[in-house]
Amino acid sequence: KNEVEQSPQNLTAQEGEFITINCSYSVGISALHWLQQHPGGGIVSLFMLSSGKKKHGRLIATINIQEKHSSLHITASHPRDSAVYICAAGRYSGGYQKVTFGTGTKLQVIP
Amino acid sequence: DTAVSQTPKYLVTQMGNDKSIKCEQNLGHDTMYWYKQDSKKFLKIMFSYNNKELIINETVPNRFSPKSPDKAHLNLHINSLELGDSAVYFCASSPQSTSGPTNEQFFGPGTRLTVL
């Protein structure tokens, strides 16, 4: 079993819908990262959070440390949001930071 | 202006060959990483270097040898390429920290390796 699990694996939504992607992790973390991988392959960091909630434009990320769970929400989804969203657990190993990735959620937003 | 760059972007080669992928970052970060992304899009860490020193080696076959000539460069050399090495390889960098929240990572554009 992967240390970081995401659901759903695939998600198709109509433009304008509210989207939620879930991430559960089984390891102790110092931060939870959300990444976006565009259809062209590039990976960008969306959020890094260790508690509470963060918002950037139409994207909101939340984390519940006690439940070891994080969610990524997209409000008013748009076709340009179509991408793979990856959750990753950041922690320290041997004194150095290490990131373990989830399996990704492929999102397609249809006009 | 590119933060993390990789070359080449595409690499097609025959089984048994030796190849290298280069990575450079101009962000002044101390730590660099190599990740492998398989056909199912799953990213897995291979190596991590901090200030030219190997700090993470995740049970990668010894046909893979990373080399860091300075903290801005981390190259990946692969000997005797096998079909299973076909994947996208991403380089990344981040500032170093030893406590507190782990830092954001900045990724290169990836190198798609195809072994025939």
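Chain order of the listed sequences is P and E. For the first sequence, position 28 matches number 34 in the working numbering, and the numbering has no gaps at all. For the second sequence, position 86 matches number 80 in the working numbering, and the numbering has no gaps at all. For each residue, glycine too, the CB sits at the ideal point set by N, CA and C. Given the structure is predicted, the values throughout are model-derived calculations rather than measurements.
- Taking 3 residues as the minimum length, the beta strand (DSSP E) runs contained wholly in the stretch 63 to 105 of chain P are 65 to 70, 75 to 80 and 89 to 99, in order along the chain.
- Interface annotation, A86 of chain E: in contact with chain P, CB-CB separation under 9 Å.
- Three or more Cβ pairs closer than 8 Å define a contact, and the stretch 13 to 28 of chain P falls short of that threshold against the stretch 71 to 89 of chain E.
- With fewer than three CB-CB distances shorter than 8 Å, the stretch 49 to 68 of chain E does not count as touching the stretch -4 to 4 of chain E.
- Leaving aside the five residues that flank R97 of chain P on each side, the residues in its chain whose CB is nearer than 7 Å to its CB run, in chain order, V33, G34, I35, S36 and K104.
- Relative to P117 of chain P, the option among P:N8, P:G63, P:E11 and P:A19 whose CA is nearest is P:A19.
- Annotation: S32 of chain P is outside any beta strand (DSSP E) and is labelled neither H nor E by DSSP.
- Each residue's CA atom was taken as its position, placing A66 of chain E and E21 of chain P some 42 Å apart.
- Chain order gives the chain P residues near F36 of chain E as F107, T109 and G110, where near means a beta carbon separation below 8 Å.
- Of all residues in the stretch 64 to 87 of chain P, none has a C-beta nearer than 9 Å to a C-beta of chain E.
- When beta bridges are read from the DSSP output, D64 of chain E appears opposite E:H67.
- Below the 9 Å Cβ cutoff, chain E contributes E98, Q99, F100 and F101 as neighbours of S51 of chain P, in chain order.
- With a threshold of 9 Å between beta carbons, Q90 of chain E makes contact with chain P.
- Note on geometry: alpha-carbon atoms of N51 of chain E and E23 of chain P lie some 42 Å from one another.
- No Cβ-Cβ contact shorter than 9 Å links L48 of chain E with S14 of chain E.
- With a beta-carbon spacing of about 4 Å, G102 of chain E and Q0 of chain E fall inside the 8 Å limit used to define contacts.
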